[in-house]
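Protein chains: 2
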Amino acid sequence: MTANEARPAIRLSPMQVPKASDVLATELRERILSGEYPEGTPLPPERELVVQTRMSRTTVREALRILEVQGLIRIKAGRAGGAFVQHPGEDSVADSLELLIRGRQIRLASVHETREAIEPSCARLAARNRIPADLRRLEAANEAIASSGSLDAFLEANVDWHVAVATASHNEILTGIMIALSRAIYTTTRNEGFVNEEVRAITVRAHRSVTRAIKDRDPDASARRMTRHVHAYAKAALEVEERTAISVSNEDRDT
Amino acid sequence: MTANEARPAIRLSPMQVPKASDVLATELRERILSGEYPEGTPLPPERELVVQTRMSRTTVREALRILEVQGLIRIKAGRAGGAFVQHPGEDSVADSLELLIRGRQIRLASVHETREAIEPSCARLAARNRIPADLRRLEAANEAIASSGSLDAFLEANVDWHVAVATASHNEILTGIMIALSRAIYTTTRNEGFVNEEVRAITVRAHRSVTRAIKDRDPDASARRMTRHVHAYAKAALEVEERTAISVSNEDRDT
DNA sequence: TGATAGATTAGGTCTGACCTTTAGCCCGGC
DNA sequence: GCCGGGCTAAAGGTCAGACCTAATCTATCA
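Protein chains in written order, with the numbering used here: chain D, 1027 to 1281; chain P, 1027 to 1281.
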């Protein structure tokens, strides 16, 4: 440049030009999150949004797809279809946690650690906040566990019970996390044959004892008993994991 | 129909026809999650996917957008751009938790409850798993807090410290959750003027004491001190919230 | 009255063109 | 020699318009 010496130091920070679809998505997201629209409110049809925003249908659709994946709207096809506002629930958290766990090949140990951190608190809060409906769910899950025939039925009922405890805490964040962790543990425990009659009996007993503490509105006992239960389960699962890992590597060596 | 009487009872259950873009997205998602492609692997360009899948570019793009929102790929424009495999990190969990918290207008109390459940465990694990780099981060955050001028700087450094503890636990699930909670608390505490000199001094002291326990590899002390700290903070925040709620409603009445 | 065949409205997909961004390359002037 | 500027190519981003498919509503006919 010619006038390099006398140049005043005008500095700009690096800028980012957002995409059109992102702009629309952000605008709609903010409106939805602000609570301006109650659950179920229909957004205008795509073609209507096109004339309002003067964007192309492609762009509008992309924005809607983004919101759909984020769980902020639900899209139905057909007449009387369209995009309907939906406030995100526990599921969306559970989904993304599941992606993290699966995608990062996270050690099962981490999942159990997290569970040991969370479930006692769930139990404590459940003892404080449970309502009759919660107790009914807990009892139902307990019975399902005791009378379950197949391994699959047992595991499913087991998950139900743990989720029921989380639900009884009436804390949506903890509930979402627990749903995700349960799903992850469920799918991993499914294939390993570590659930025998003894494990089942112990599980039933532990669940009953926690349930009773929750029923009695005894936060400390609930948390304490849950801690013991989860810790024992984690330890057992870990041992089995190691054992199968060893046997697998032995098989590998043999073949 | 004419032959209504002799019709054999062929029954089908209700079926759901998936969308083309979902099929592609699911296929790619499974491949990515299976770990088949290492981080950073480029997917074929859109037009190439079109000829391979025989779908239209619209459909292909929609599938890619889905994966992008789920944090499984990162899309760059321009030459040498394209879609690159990305294993989901803590951020995606944090994002979805943030949506849950904001969208459901979740009580701040729930956030604090969750934090009280998680942070002591983080501290306990941190004491066990911390490496020198973790300690450096903790010390740095501590200093930043002590020397922070503005309220904003203080809060930011505060978040940094808590995230650093979570990171030191070397548990990616807990870390993701903590990032989300910190962000949520940060944005809500920002506007309420409850951080005064006294609060700051107390915070610094509490952080130092937890940091020391982590440094000394003392899990129990770490967890205990963190419990105290978080609990005190939650209680204080709650009190302020109530006070402002009252004063706000008074203002409402006055105007 | 009750099935059923349109009509209507909405999202889903396809085509093909053009715009924008970015990396790499080439070339000419200092 | 090297540095800046401009060109080119590759890739995603946007647009317009047509057509397909799903779901609902409605009017009609047996």
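We put the beta carbon where it would ideally sit given N, CA and C, even for glycine. All values derive from a computational prediction rather than experimental measurement.
Q.
Per DSSP, what are the beta-bridge partners of residue 1099(P) in this structure?
A. Sequence index remark: in the second sequence, residue 1099(P) carries index 73 (1-based). Answer is 1111(P).
**Q.** N-terminal and C-terminal residue of the alpha helix (DSSP H) that residue 1119(P) is part of
**A.** Residue mapping note: residue 1119(P) aligns to position 93 of the second sequence, counting from 1. Element bounds for residue 1119(P): 1116–1129.
Q. Is the Cβ of residue 1143(D) closer than 8 Å to any Cβ of chain P?
A. The residue labelled residue 1143(D) in the question sits at position 117 within the first sequence. Yes, its Cβ sits closer than 8 Å to a Cβ of chain P.
Q) Per DSSP, which one or two residues make a beta bridge with residue 1068(P)? A) Your numbering for residue 1068(P) matches position 42 in the second sequence. The partner list for residue 1068(P) (beta bridge, DSSP) reads 1110(P).
Q: Run the CB neighbour count on residue 1028(D), radius 10 Å, all protein chains shown included, and call it buried at 16 or more, exposed below.
A: Against the first sequence, residue 1028(D) aligns to sequence position 2. Here residue 1028(D) scores only 40 on pLDDT, less than 50, and its place in the model is too uncertain to base an answer on.
Q) Along chain P, which residues have their Cβ under 7 Å away from the Cβ of residue 1140(D)? A) Indexing the first sequence from 1 puts residue 1140(D) at position 114. For a Cβ distance threshold of 7 Å, residue set 1197, 1199, 1200 of chain P lies close to residue 1140(D), ordered along the chain.
Q: Please classify residue 1279(D): does DSSP put it in a helix, a strand, or coil?
A: The residue labelled residue 1279(D) in the question sits at position 253 within the first sequence. With a pLDDT of only 45 at residue 1279(D), under the threshold of 50, the placement of this residue in the model should not be trusted; the figure read from the coordinates follows. Here residue 1279(D) sits in helix by DSSP.
Q. Mind pulling the chain D residues with CB within less than 8 Å of residue 1191(P)?
A. The count along the second sequence starts at 1 and reaches residue 1191(P) at position 165. Within chain D, no C-beta atom comes nearer than 8 Å to that of residue 1191(P); the closest sits roughly 13 Å away.
Q | Status (buried if at least 16 other CB within 10 Å, exposed otherwise) for residue 1041(D) | A | As a first step, residue 1041(D) is located in the first sequence; it is residue number 15 there, counting from the start. Exposed is the call here.
Q.
Strictly below 9 Å CB to CB, what residues from chain D border residue 1302(P)?
A. Because residue 1302(P) is not part of the residues shown, which for chain P are 1027 to 1281, the question remains open.
Q) Going straight from the alpha carbon of residue 1209(P) to that of residue 1117(P), what length do you get? A) By 1-based counting over the second sequence, the position of residue 1209(P) is 183. By 1-based counting over the second sequence, the position of residue 1117(P) is 91. Approximately 11 Å, taken between the alpha carbons.
Q | residue 1280(D) versus residue 1265(D) - alpha carbon distance | A | Taking the first residue of the first sequence as 1, we reach residue 1280(D) at position 254. Taking the first residue of the first sequence as 1, we reach residue 1265(D) at position 239. At residue 1280(D) the pLDDT is 42, less than 50, meaning the model places this residue with poor confidence and gives no usable figure here.
Q: Can you give me the Cβ contacts of residue 1156(P) inside the same chain, cut-off strictly under 7 Å, excluding the 5 residues immediately before and after it?
A: Residue numbering aside, residue 1156(P) sits at position 130 when the second sequence is read from its first letter. Correct list, in chain order: 1194, 1240.
Q.
Counting only beta-carbon separations shorter than 8 Å, does residue 1059(D) have a partner in chain P?
A. The residue labelled residue 1059(D) in the question sits at position 33 within the first sequence. Chain P, which has a Cβ nearer than 8 Å to the Cβ of residue 1059(D), makes this yes.
Q: Name the two residues that bound the continuous alpha helix (DSSP H) containing residue 1178(P).
A: What you label residue 1178(P) is simply residue 152 of the second sequence in a count that begins at 1. Segment 1177–1194, the alpha helix (DSSP H) holding residue 1178(P).
Q. When the cut-off is 8 Å and only beta carbons count, does residue 1114(D) lie next to chain P?
A. In the first sequence, counting from the first residue as 1, residue 1114(D) sits at position 88. So yes, residue 1114(D) belongs to the interface.
Q.
Using a Cβ-Cβ cutoff of less than 7 Å, which residues in the same chain neighbour residue 1149(D) once the five nearest sequence positions on both sides are dropped?
A. Position 123 of the first sequence, counting from 1, holds the residue named residue 1149(D). Apart from the 5 residues on each side of it in sequence, residue 1149(D) sits with its Cβ closer than 7 Å to the Cβ of 1191, 1236, 1240, 1248, 1249, 1252 in its chain, given in chain order.
(Q) According to DSSP, simplified to helix, strand and coil, what is residue 1197(D)? (A) Stepping through the first sequence from its first residue, residue 1197(D) is reached at position 171. Coil.
Q.
Our contact map puts residue 1097(P) next to residue 1112(P) with C-beta atoms below 8 Å; I'd like the distance itself, whole angstroms only.
A. Locating residue 1097(P) in the second sequence gives position 71, counting from the first residue. Locating residue 1112(P) in the second sequence gives position 86, counting from the first residue. Indeed they touch by this definition, with Cβ atoms about 7 Å apart.
Q. So does the segment 1087–1095 of chain P actually touch the segment 1042–1056 of chain P, counting three or more Cβ pairs closer than 8 Å?
A. With the cut-off at 8 Å, the segment 1087–1095 of chain P and the segment 1042–1056 of chain P touch.
Q.
Between residue 1129(P) and chain D, is any beta-carbon pair separated by less than 8 Å?
A. On the second sequence, residue 1129(P) is found 103 positions in, with the first residue counted as 1. For residue 1129(P), the answer is yes, since a Cβ of chain D falls inside 8 Å of its Cβ.
Q. Should residue 1071(D) be labelled buried (16 or more other beta-carbon atoms within 10 Å of its own) or exposed?
A. Here residue 1071(D) refers to the residue found at position 45 when the first sequence is read from its first residue. With fewer than 16 other Cβ atoms within 10 Å, it is exposed.
Q: To the nearest angstrom, report how far apart residue 1133(D) and residue 1074(D) are at their CA atoms.
A: For the purposes of this step, residue 1133(D) is taken as the residue at position 107 of the first sequence. For the purposes of this step, residue 1074(D) is taken as the residue at position 48 of the first sequence. If I take the Cα positions, the gap works out to 48 Å.
Q | residue 1242(P) burial status per 10 Å Cβ neighbour count (16 or more: buried) | A | Translated into positions along the second sequence, residue 1242(P) becomes position 216. Per the 10 Å Cβ criterion, exposed.
Q | C-alpha distance - residue 1095(D) paired with residue 1084(D), whole-angstrom precision | A | Position 69 of the first sequence, counted from the start, is the residue given in the question as residue 1095(D). Position 58 of the first sequence, counted from the start, is the residue given in the question as residue 1084(D). About 17 Å.
Q) For the alpha helix (DSSP H) that residue 1145(P) lies in, which residues bound it at each end? A) Taking the first residue of the second sequence as position 1, residue 1145(P) is located at position 119. Run containing residue 1145(P): 1134–1155, per the alpha helix (DSSP H) assignment.
Q) Which word fits residue 1067(D), buried or exposed, when buried means at least 16 other C-beta atoms lie within 10 angstroms of its C-beta? A) Numbered from 1 along the first sequence, position 41 holds the residue referred to as residue 1067(D). Burial call: exposed.
Q) In the structure shown, what three-state DSSP assignment does residue 1202(D) receive? A) The count along the first sequence starts at 1 and reaches residue 1202(D) at position 176. It is helical.
Q.
Is residue 1092(P) close to chain D? Criterion is C-beta to C-beta, closer than 8 Å.
A. Counting from one through the second sequence, the residue named residue 1092(P) turns up at place 66. At least one chain D Cβ lies under 8 Å of residue 1092(P).
Q: In the DSSP assignment, find the unbroken alpha helix (DSSP H) run with residue 1158(P) in it and report its ends.
A: Along the second sequence, one-based indexing puts residue 1158(P) at 132. Boundaries of the alpha helix (DSSP H) around residue 1158(P): 1158–1172.
Q. In chain order, what residues of the same chain have a beta carbon less than 6 Å from the beta carbon of residue 1145(D), not counting five sequence neighbours either side?
A. Here residue 1145(D) corresponds to residue number 119 of the first sequence, with the count starting at 1. Taken in chain order, the residues that qualify are 1252, 1256.
Q. Secondary structure at residue 993(P), three-state DSSP: helix, strand or coil?
A. Since the first residue of chain P shown is 1027 and the last is 1281, residue 993(P) is not available in this structure.
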